[in-house]
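Undergrad: Attaching a single structure in structure tokens format; questions to follow.
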Amino acid sequence: MLDREPFVGREAELAAVYEGLTDPRCSVIAITGSRGTGRSRMLDATLRMSQEIGASVELARATSAARNIPFGAVARMLPQHVSGWSAPTELIRTMVALYAEQSSRIRQVVAVDDAQLLDPESATLLHALAGSGHALVVLTLDADAECPETVTALWKDLGGRLVSLRALLITEISTYLHEALGGPVNGVLVRSVAEATEGNLLWMRELLRGALEAGAIARTQDGLWELVEVPPLSDRLQQLLNDRLRHASPETLEVATWLAMAGDTLPISALERVLEHPVPSVAEAEGVIRLEGRDSVRLTHPLYGGLLRERTSRLEHRRRHSALLRSMLADTPIASAELVHVLCDSEDRGEQVDTELVLRAARAAMDGGDYGIGWELSRFAGADSPEATSEALAIAGECGLWLGRVDEAESYFRQARCRTSDKDVRADLTLGLAANLFMVAGRAKAAEELVNEITAQLPPEDSRYQYAVALRVGMAANAGRMHELLAELAEVDECSIPALTAARVSALTWTGRLHEAIDAVGSLTRVSGPDQRPPSDLDQIVSITALAYAGEFHEARRRARSGYYETLRNRRLPEQAMWATAWSEVEMLTGNLWTAMSCLLEASGIMRRRPTSLGPAVHGSCLGNLAQVAAMCGESEQAERALEEGEELPLRECFVPELASARAWLESGGTDLGRRRQELWDCVAAARSSGALLSAARTLLDIARLGRGKEASRALAEIEGELQGVVVASWIRYVRTIAEGEPDGLVRISEELDEKGMRLLAAEALLLAGGEFRARGRTVAAAGVEHSGAGLAESLGARSLLTAARSAEVPLTKREKQIVRRVLAGSSSADVAGCLGISTRTVESHLQNAYRKLGVHSRDELARIYGDFL
0 MLDREPFVGR EAELAAVYEG LTDPRCSVIA ITGSRGTGRS RMLDATLRMS QEIGASVELA
60 RATSAARNIP FGAVARMLPQ HVSGWSAPTE LIRTMVALYA EQSSRIRQVV AVDDAQLLDP
120 ESATLLHALA GSGHALVVLT LDADAECPET VTALWKDLGG RLVSLRALLI TEISTYLHEA
180 LGGPVNGVLV RSVAEATEGN LLWMRELLRG ALEAGAIART QDGLWELVEV PPLSDRLQQL
240 LNDRLRHASP ETLEVATWLA MAGDTLPISA LERVLEHPVP SVAEAEGVIR LEGRDSVRLT
300 HPLYGGLLRE RTSRLEHRRR HSALLRSMLA DTPIASAELV HVLCDSEDRG EQVDTELVLR
360 AARAAMDGGD YGIGWELSRF AGADSPEATS EALAIAGECG LWLGRVDEAE SYFRQARCRT
420 SDKDVRADLT LGLAANLFMV AGRAKAAEEL VNEITAQLPP EDSRYQYAVA LRVGMAANAG
480 RMHELLAELA EVDECSIPAL TAARVSALTW TGRLHEAIDA VGSLTRVSGP DQRPPSDLDQ
540 IVSITALAYA GEFHEARRRA RSGYYETLRN RRLPEQAMWA TAWSEVEMLT GNLWTAMSCL
600 LEASGIMRRR PTSLGPAVHG SCLGNLAQVA AMCGESEQAE RALEEGEELP LRECFVPELA
660 SARAWLESGG TDLGRRRQEL WDCVAAARSS GALLSAARTL LDIARLGRGK EASRALAEIE
720 GELQGVVVAS WIRYVRTIAE GEPDGLVRIS EELDEKGMRL LAAEALLLAG GEFRARGRTV
780 AAAGVEHSGA GLAESLGARS LLTAARSAEV PLTKREKQIV RRVLAGSSSA DVAGCLGIST
840 RTVESHLQNA YRKLGVHSRD ELARIYGDFL
């Protein structure tokens with residue numbers, strides 16, 4: 000593992016380099032970037048591209064040792080008959096003439112790594128070669144190092160192309176880890192690596208290697224890589240970091256050590272109190288610290304903090320943490336991960352803290368949406384002690400609710416209700432308890448009783464009344480009661496309760512009224528004035544669902560990816576799970592099964608530890624989809640695990656047809672399929688009675704795909720007039736075509752589905768068409784469409800469809816099968832002819848007939864599609 004480092008996030012840069020290589024007017028390409036951004040790897044890729052287009056390549060590496068030697072960097076490029084010349088001008092003139100003669104036959108590319116270390120004579124020679132047009136000079140430059148004028152002139156004077164390499168974005172880090180580790184990666188691991196390395200390829204590679212060696216990351220039984228413990232700094236990584244800090248002044252190291260003790264960031268006021276003087280400007284000039292916003296300062300790289308903490312003795316740790324704690328609490332209300340970090344160390348040493356100040360910081364964290372920090376601070380403020388105040392308990396309950404700590408949050412809320420007589424405080428606590436019971440524990444009936452208690456006591460204009468109504472709407476949505484949901488929405492002012500607009504879009508989507516839902520999406524996501532709130536995560540997610548079912552797959556995918564990575568950057572796990580689920584919905588509709596499964600694994604893992612604010616119904620839906628996708632990908636064990644986990648959820652009061660569909664797909668080849676189909680029909684009936692017609696249509700599609708096309712087609716015809724949108728219309732036509740069983744019709748509907756982006760259904764339709772062609776004796780036509788369907792299924796990762804395609808009877812004669820099997824074993828046509836006692840020409844004739852029947856065009860294609868079967 001990590002024997003070959005992935006090359007990601009450089010598509011635009013590679014394109015710019017390729018343009019320069021293929022442009023005869025381009026004479027210089029300068030690749031610049033900070034240390035660790037992959038300049039040398041980009042140079043290697045550039046040289047490979049140069050060779051692929053037929054250019055001659057020379058590579059030199061400039062070094063500090065050769066910097067004071069004339070022509071030292073390019074000495075190995077000089078032909079033997081000129082290397083002894085002492086007159087630089089004569090040598091340069093001779094080299095230009097030599098390259099002029101060579102460039103008349105083939106383009107010459109001269110590359111220099113670390114060109115900022117070039118000696119002046121080498122730089123002048125390269126300038127002359129590039130300026131003469133006889134060679135394309137490619138340089139790499141360290142953006143953090145001073146570059147001599149002779150080197151800068153190479154690309155500035157000659158109008159060269161400058162290709163700047165940046166650190167990887169979090170989306171690219173996710174791809175890098177996926178490829179490096181060979182499987183899907185937990186979002187917490189992605190974020191941890193992103194925060195520790197800030198996208199620097201060198202740091203990332205070394206951190207990952209050290210983490211693998213130490214067992215700090217591991218693969219779960221689901222195949223998902225996740226963080227087990229904080230990755231240690233390997234010896235090699237420590238050496239690299241020490242090299243960076245070797246030239247830092249004592250004043251800079253003192254500032255950096257204080258920041259390291261606090262977790263890398265501090266408010267300037269708190270830092271200056273412990274320093275007892277202003278922050279020295281030299282620390283910023285030396286590149287060790289930087290300003291963060293207007294009021295804070297941080298280390299320029301998080302790994303510096305890890306190294307400095309390891310350098311500091313335990314006694315020195317104790318002294319610095321005591322000083323930091325006093326300094327940071329002097330600035331209350333202040334709530335940060337750094338404060339939690341310092342408090343943990345103080346607790347370990349048994350030091351006393353001012354709980355009132357910590358409680359103020361906890362409330363500041365909760366009000367700012369930092370629920371993890373608020374949770375930790377509330378416990379430092381005494382929420383777990385017998386003398387806990389109702390405020391500390393309420394903060395712990397509220398933060399625990401959003402973190403998915405079910406039992407603890409409920410316990411905190413109940414204790415807080417018992418310890419207060421204030422009506423307003425009790426109302427707040429009752430709402431919190433109701434939200435916890437519904438959103439996390441799945442106990443909707445108990446939650447509804449508390450919601451009714453609140454709405455009976457409070458006036459409609461009270462914000463808590465509005466929140467209670469939003470909860471009641473959410474309960475109707477989770478139970479699939481769309482008629483009830485829309486009726487509830489009709490009686491309230493949506494403008495006064497922003498979350499209800501999202502509920503209306505969702506209800507319109509699932510009732511099949513896609514045109515109305517898309518119209519509502521515009522107002523939901525548009526911010527038109529200073530008083531308008533920006534769209535929430537829920538607003539955006541319901542918009543994505545509406546867009547996806549309206550056939551706007553590209554836009555839905557773009558929004559889903561953007562939202563997912565934004566929550567990943569901001570460490571909002573419950574919302575991250577919601578975004579991953581929304582993204583998976585788009586990928587399932589379009590048939591990108593492996594991406595969908597990766598998203599669903601991520602979402603279900605988060606929900607397992609920290610349920611989302613949408614409750615067990617969303618978790619069950621996620622697990623049902625995961626089981627179905629895993630089954631289609633041929634991952635039966637993964638599918639079984641997801642299904643077992645879903646059946647253990649508290650779902651008695653929820654509507655989750657996805658689990659029923661997953662059970663049916665897993666039983667598609669078994670004896671219990673009839674009972675599973677009946678469960679799907681029950682889901683259709685429940686969906687129709689509650690108004691969730693889109694859900695009913697999706698379940699009917701599954702019924703048709705599982706062998707009951709005629710019944711499903713008749714049921715769809717009954718609700719067709721109430722359904723809108725491109726996706727549902729295609730489903731209806733597909734189910735109708737399945738019911739008719741006409742192979743040419745299945746081929747046509749496959750083309751339609753493929754054109755509209757629903758590629759999995761397109762592959763499935765082709766394979767069904769192959770079966771119908773074969774049943775009619777049209778074996779050649781069957782082989783052709785089955786080959787196309789199998790190729791499409793293979794590209795999507797649909798192994799279950801691929802297996803079905805390969806299990807069809809292969810229409811070859813006995814002699815053709817003999818020849819094909821020997822060819823697949825690696826025999827040449829001459830070898831096959833000798834073994835069978837026939838001519839080579841006869842072998843080739845039989846082989847071409849087999850190709851035509853199987854719908855392939857080469858031996859490679861034959862082996863890829865039919866190798867395991869024939």
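Numbered by numbering that gives the first Met the number 0, the letters in the sequence shown go through residues 0 to 869 in order.
Where is the CB? At the ideal position from N, CA and C, for every residue including glycine.
Here's the rule I'm using: 16 or more other beta-carbon atoms within 10 Å means buried, otherwise exposed. How should G825 be labelled?
TA: Classification for G825: exposed.
Undergrad: With DSSP as the reference, label L244 as helix, strand or coil.
TA: Helix, per DSSP.
Undergrad: As an exercise, report each continuous alpha helix (DSSP H) stretch of at least 4 residues that is fully enclosed by the region 763 to 837, in chain order.
TA: Qualifying alpha helix (DSSP H) stretches, in chain order: 778 to 795, 798 to 805, 813 to 823, 828 to 835.
Undergrad: Please check the pair L206 and L236, which I expect to be a contact at CB under 8 Å, by giving their CB distance rounded to whole angstroms.
TA: Indeed they touch by this definition, with Cβ atoms about 6 Å apart.
Undergrad: Could you tell me the distance, in whole angstroms, from the CA atom of A259 to the CA atom of H276?
TA: For A259 and H276, the distance between alpha carbons rounds to 18 Å.
Undergrad: In chain order, which alpha helix (DSSP H) runs of at least 4 residues are fully inside the region 697 to 723?
TA: Fully enclosed alpha helix (DSSP H) runs of 4 or longer: 708 to 718.
Undergrad: Residues in its own chain within less than 7 Å of L58 by CB, not counting five upstream and five downstream?
TA: Hits under 7 Å: L46, A110.
Undergrad: Output needed for D753: all residues of its chain with C-beta closer than 6 Å, excluding positions within five of it in sequence on either side, in chain order.
TA: These residues qualify, in order along the chain: A761.
Undergrad: By Cβ distance below 6 Å, which residues in the same chain neighbour G744 in space, the five residues on each side in sequence not counted?
TA: Only T736 meet the Cβ criterion.
Undergrad: Determine the direct distance from the alpha carbon of A255 to that of H246, and round the result to whole angstroms.
TA: Straight-line Cα distance between these residues: approximately 13 Å.
Undergrad: Express the C-alpha separation of Q107 and M48 in angstroms, rounding to a whole number.
TA: Using only the alpha carbons, I get a separation of about 13 Å.
Undergrad: Look up T139 in the DSSP assignment and say whether it is helix, strand or coil.
TA: The answer is strand: DSSP assigns T139 an E or B state.
Undergrad: May I have the straight-line CA-CA distance separating R425 from D538, to the nearest angstrom?
TA: Spanning the two alpha carbons is a distance of roughly 30 Å.
Undergrad: Could you tell me whether the region 62 to 74 touches the region 113 to 124, where touching means 3 or more Cβ pairs closer than 8 Å?
TA: Flag = yes, the region 62 to 74 and the region 113 to 124 touch.
Undergrad: Suppose you measure from the CA of L41 to the CA of L658; what does that come to, to the nearest Å?
TA: The sequence given here has Met at residue 41, not Leu. Rounded to whole angstroms, M41 to L658 spans 47 Å at the Cα level.
Undergrad: Which residues does DSSP pair with A217 in a beta bridge?
TA: E225, per the DSSP bridge assignment.
Undergrad: Under the rule that 16 or more other beta-carbon atoms within 10 Å means buried, what is C682, buried or exposed?
TA: Looking at its Cβ environment, which holds 16 or more other Cβ atoms inside 10 Å, C682 is buried.
Undergrad: Taking only three categories from DSSP, how would you classify T31?
TA: The answer is strand: DSSP assigns T31 an E or B state.
Undergrad: Taking the DSSP output, what are the residues bridged to S163?
TA: Answer is T31.
Undergrad: Would you kindly check if the distance between the Cβ of A217 and the Cβ of P231 is under 7 Å?
TA: No.
Undergrad: Grab me the residues of L457's own chain with a C-beta within less than 6 Å of its C-beta, minus the 5 sequence neighbours each way, in chain order.
TA: Excluding positions up to five away in sequence, the list reads R463, Y464.
Undergrad: If A127 and T149 are in contact, beta carbons under 8 Å, what's the gap, nearest whole angstrom?
TA: A127 to T149, Cβ: 12 Å. No contact.
Undergrad: Spell out a yes or no on whether the region 189 to 205 and the region 17 to 37 are touching, meaning 3 or more CB-CB pairs, one atom from each, closer than 8 Å.
TA: A contact exists between the region 189 to 205 and the region 17 to 37.
Undergrad: Per DSSP, what kind of secondary structure is P301 in: helix, strand or coil?
TA: Three-state DSSP puts P301 in a helix.
Undergrad: Strictly by DSSP, which residues pair up with T264?
TA: The partner list for T264 (beta bridge, DSSP) reads R297.
Undergrad: So T510 and G690 are supposed to be a Cβ contact under 8 Å. How far apart are they, rounded?
TA: 5 Å between Cβ atoms; contact.
Undergrad: Would you please state the rounded distance, in angstroms, between the beta carbons of G756 and G769? I believe it to be under 8 Å.
TA: Incorrect: roughly 22 Å between the Cβ atoms, too far for contact.
Undergrad: By DSSP, does R60 sit in helix, in strand, or in coil?
TA: Reduced to three states, the DSSP call for R60 is strand.
Undergrad: Report the residue from E386, L392, P385 whose alpha carbon sits nearest the alpha carbon of S377.
TA: S377 has its Cα closest to that of L392, out of E386, L392, P385.
Undergrad: Measure the beta-carbon distance from E452 to T419 and round it to whole angstroms, keeping in mind my assumption that it falls under 8 Å.
TA: E452 to T419, Cβ: 16 Å. No contact.
Undergrad: Whole angstroms is fine: what's the gap from L795's alpha carbon to W593's?
TA: Near 7 Å, if we compare the C-alpha coordinates of W593 and L795.
Undergrad: Would you report the Cα separation of G673 and W730, rounded to the nearest angstrom?
TA: Cα to Cα, G673 sits roughly 23 Å from W730.
Undergrad: Taking buried to mean at least 16 other C-beta atoms within 10 Å of its own C-beta, is A86 buried or exposed?
TA: Exposed, by the Cβ-count rule.
Undergrad: Under a Cβ-count criterion, where at least 16 other Cβ atoms within 10 Å of its own Cβ denotes burial, should T251 be classed as buried or exposed?
TA: Classification of T251: buried, given that the 10 Å Cβ count is 16 or more.
Undergrad: Consult DSSP for E12 and reduce its assignment to one of helix, strand or coil.
TA: Looking at E12 - three-state DSSP - the assignment turns out to be helix.
Undergrad: Nearest to K816 by alpha carbon, out of A797, S844, R608?
TA: It is S844 whose Cα lies nearest to the Cα of K816.
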